[in-house]
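The sequence shown begins at 52 in the numbering used here and counts up one residue at a time.
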Amino acid sequence: MSSEDELIAQRRANLDGLRQLGLDVYPRRFDRTHTITELCDAYGQRSHDELEADHITTTTSGRILAIRAFGKANFLALSDGRAKIQVYLRQDSVPELDFRIYKLLDFGDWVGVEGRLFRTKTNEFTIWASRLHFLAKCLLPLPEKWHGLTDVEIRYRQRYLDLIVNPESRRVFEIRSQVNAAIRAFMIARGYLEVETPMMQPIAGGALARPFTTHHNTLDTDLFLRIAPELYLKRLTVGGLEKVFEINRNFRNEGISTQHNPEFTMLEFYEAYADYHMLMRMTEEMIATVARQTIGTEQITFGDHEISLTPPFTRLSLRDGAREAASRRLHREVTDAELRDREAAATIARDLGLEVEPGHGAGKITTEIFERLCEDRLVQPTFVYDFPTEVSPLSKQKPDDLDTVERFELYIGGFEVANAFSELNDPVEQRRRFEAQLSHRAHGDLEAHAMDEDYIRALEYGLPPTGGEGVGIDRLVMLLTNSPSIRDVILFPLMRKRD
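Structure representation (structure tokens):
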């Protein structure tokens, strides 16, 4: 029998011993007067004399982080996941049954304690126990070292264990919750209405991405998990809801990396009568506001970088970024005209070592040049704006440049955090764009947008000038918590099956 098997056997024996004491070893409730965090916040700074004078009693509970005995003095360290407190037990200070319970406790068990607050001779903030209640047995041994669980596979696959042993993980997900709350408050304060749109859709639309497919048995029809809520949210704007937003899941059947998870959370919002310039200003304000409200500062550390989230953010046009980066790499002046010509752009891409697909036009090639050469260098907040029409089938074209649309992506920390544009609201042009996407699909582009006749019909009823944007919640939380992987900020990330 291995040492771990022996530990498990001992824990099970202790559980049997507790049953033999006549205990309900899995009680249905426990009434507390304080959480451990509340005790530490309210009384943790009081002196020995103050605690003795006030004679503060409490009933609290938590998980056992340590068990120590020194002669007749017995100590437990309890945690509620945020704060820790010491518990002092003497055989002559608790009922006989309670002390027998104490003898059968294991590292990781849940217990309730009644007692009064005091400070030990070493000035440790402590509960002098008068009662001990057993609440749940930890049957599997916890990691021996409480300074952190470093095996990332275990952290992601067994998040409950990560939360037990890594207090910083709990803090990440508390900040994530605060980010969602701060965004909601920001949007609602500006007159936005929060809505919910379908997760299962008959057409996968609103983005260029591969969808997950499912089947509805009763209707005998294939459906797609949504890749974006965009087309439904814009239908609502057609219907007269001038400001709408949604915070919810998207699903994309694509790769997994430190920045990508097939299931992820987005804020997406639309505002009638706004354009992408207005959204840039709003996004700056929102990011800075959320940072202040969740972590208390607009200055963050991400990896080796110090990043300022204080507006205004840098602006860089996509073609200028691609042209300047390609010129530096090729040691010659690349012109805007070359990036707009399919053959010239393809030659530049090949000279840079990039593969050029037969169905890619100049706009798609230029975008790939930008992504390969520029993205990871955009550490300070940067709006990359004015994208090629070819890669933006739902964006409005610039009036003086039909090869370019009014679109921006926000980069922070070397990756995209937000994507926005002035919405295309011409149903004739939208149909032409969808048909061009069908051509890309025919050439093997599995991410090309499908035709959506109902969305075109909605546009024919009239979509006013509208700006729309999506913000990646997971990536924003990564930045605010200095988390190197998206899996660090998703409670239960998708993992490859173990062999």
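A virtual CB, placed ideally from N, CA and C, is assigned to each residue, including glycine.
Per DSSP, GLY404 lies in no alpha helix (DSSP H) segment and is marked neither H nor E.
TYR324 carries a coil assignment under DSSP once its states are collapsed to helix, strand and coil. Residue state for MET238 is assigned as helix, using DSSP reduced to three classes. Collapsing the DSSP output to three states places ALA388 in a helix. Looking at the backbone, the Cα of LEU282 and that of ALA501 are separated by about 12 Å. In terms of Cβ geometry, ALA388 and ILE420 do not form a close pair [threshold 8 Å]. The region 315-334 and the region 284-298 touch, with three or more beta-carbon pairs separated by less than 8 Å.
Under a 10 Å Cβ-count criterion, HIS85 is classified as buried, with 16 or more other Cβ atoms of the shown protein chains found around its own Cβ.
THR109 sits close to LEU168, with the two beta carbons spaced by under 8 Å.
The beta-carbon distance between SER359 and GLN431, rounded to whole angstroms, is 7 Å. This is short enough to meet the 8 Å contact definition.
Taking C-beta atoms under 8 Å as the contact rule, PRO478 and GLU426 fail to qualify, at a distance of about 33 Å. DSSP places LYS135 inside the beta strand (DSSP E), whose first and last residues are 135-140.
Boundaries of the alpha helix (DSSP H) around LYS285: 281-289. For the 8 Å CB-CB criterion, ALA232 and GLY257 do not form a contact. When only Cα atoms are considered, GLU406 and PHE237 end up about 43 Å apart. From the listed residues ALA487, ASP496 and PHE434, the smallest Cα separation to PHE472 is found for PHE434. Judged by pairs of C-beta atoms under 8 Å, the region 347-367 does not touch the region 382-396, as fewer than three such pairs exist. Per DSSP, reduced to three states, the secondary structure at GLU467 is strand. Residue pairing by DSSP puts ILE118 in a beta bridge opposite LEU127. Closest in alpha carbon position to ARG482, among THR455, LYS447 and PRO249, is LYS447. About 15 Å separates the CB atoms of ARG119 and SER130; that is not less than 8 Å, and the two are not in contact. Taking a cut-off of 8 Å for Cβ pairs, the region 176-186 and the region 160-167 touch, as three or more such pairs fall below it.
Using a Cβ distance threshold of 8 Å, LEU214 and ARG222 do not count as a contacting pair.
Taking the CA atoms as reference points, ARG300 sits about 15 Å from VAL468. With 16 or more other Cβ atoms from the protein chains shown falling within 10 Å of its own Cβ, PRO439 counts as buried. Spatial neighbours of ALA499 in its own chain (CB-CB distance under 6 Å, excluding positions within 5 residues in sequence) are listed in chain order as GLN488, HIS491 and ARG492.
ARG261 sits close to LEU497, with the two beta carbons spaced by under 8 Å.
Comparing C-alpha distances from GLY68 to each of LEU90, GLN344, LYS154 and GLN350 shows the shortest one belongs to LYS154. Excluding the 5 residues flanking it on each side, THR352 has same chain C-beta neighbours closer than 8 Å at ILE358 and ASN533, in chain order.
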